[in-house]
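Notes to accompany the following structure.
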Amino acid sequence: MKRATRAVLLTALAVCFLPLVAVVASSWFAQWNGCTLHEGFSNPCVVNGVDYGETLSTLFVSGWFMLLTLPVAFILVIILGVMGLRDLIRRRG
13 MKRATRAVLL TALAVCFLPL VAVVASSWFA QWNGCTLHEG FSNPCVVNGV DYGETLSTLF
73 VSGWFMLLTL PVAFILVIIL GVMGLRDLIR RRG
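Read in our numbering, the sequence shown has 74 at position 62, and its numbers run on one by one without any break.
Structure follows, in structure tokens:
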């Protein structure tokens, strides 16, 4: 497998998991600071005099993008696996 192709596919795979990272990070921040976080509406979350409620809500709701990105990630994993097996077979054969 060419390095450039592998790098592009791995980068795309990493991008597919960004919504999951946003949900986990916003949930962790809200829990750590005693804030309420849910998908319904923004709640105030004041930390050190700054209200992070709207930002946390946006990050948390961005998790819905996983409905689009996780199937793409699954396809990318299959493609990477097939390409890796192909390279392994070529090296041995």
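Beta carbons: idealized from backbone N, C-alpha and C, even for Gly.
The beta carbons of Gly46 and Pro56 sit no closer together than 8 angstroms.
Here Thr67 is actually not in contact with Pro31; their C-beta atoms are around 15 angstroms apart, not less than 8 angstroms. Annotation: Ala37 to Val58 spans about 17 angstroms, alpha carbon to alpha carbon.
Per DSSP, Gly46 lies in no alpha helix (DSSP H) segment and is marked neither H nor E. In terms of Cβ geometry, Val35 and Glu51 do not form a close pair [threshold 8 angstroms]. Phe72: member of the alpha helix (DSSP H) spanning 65-73, first to last residue.
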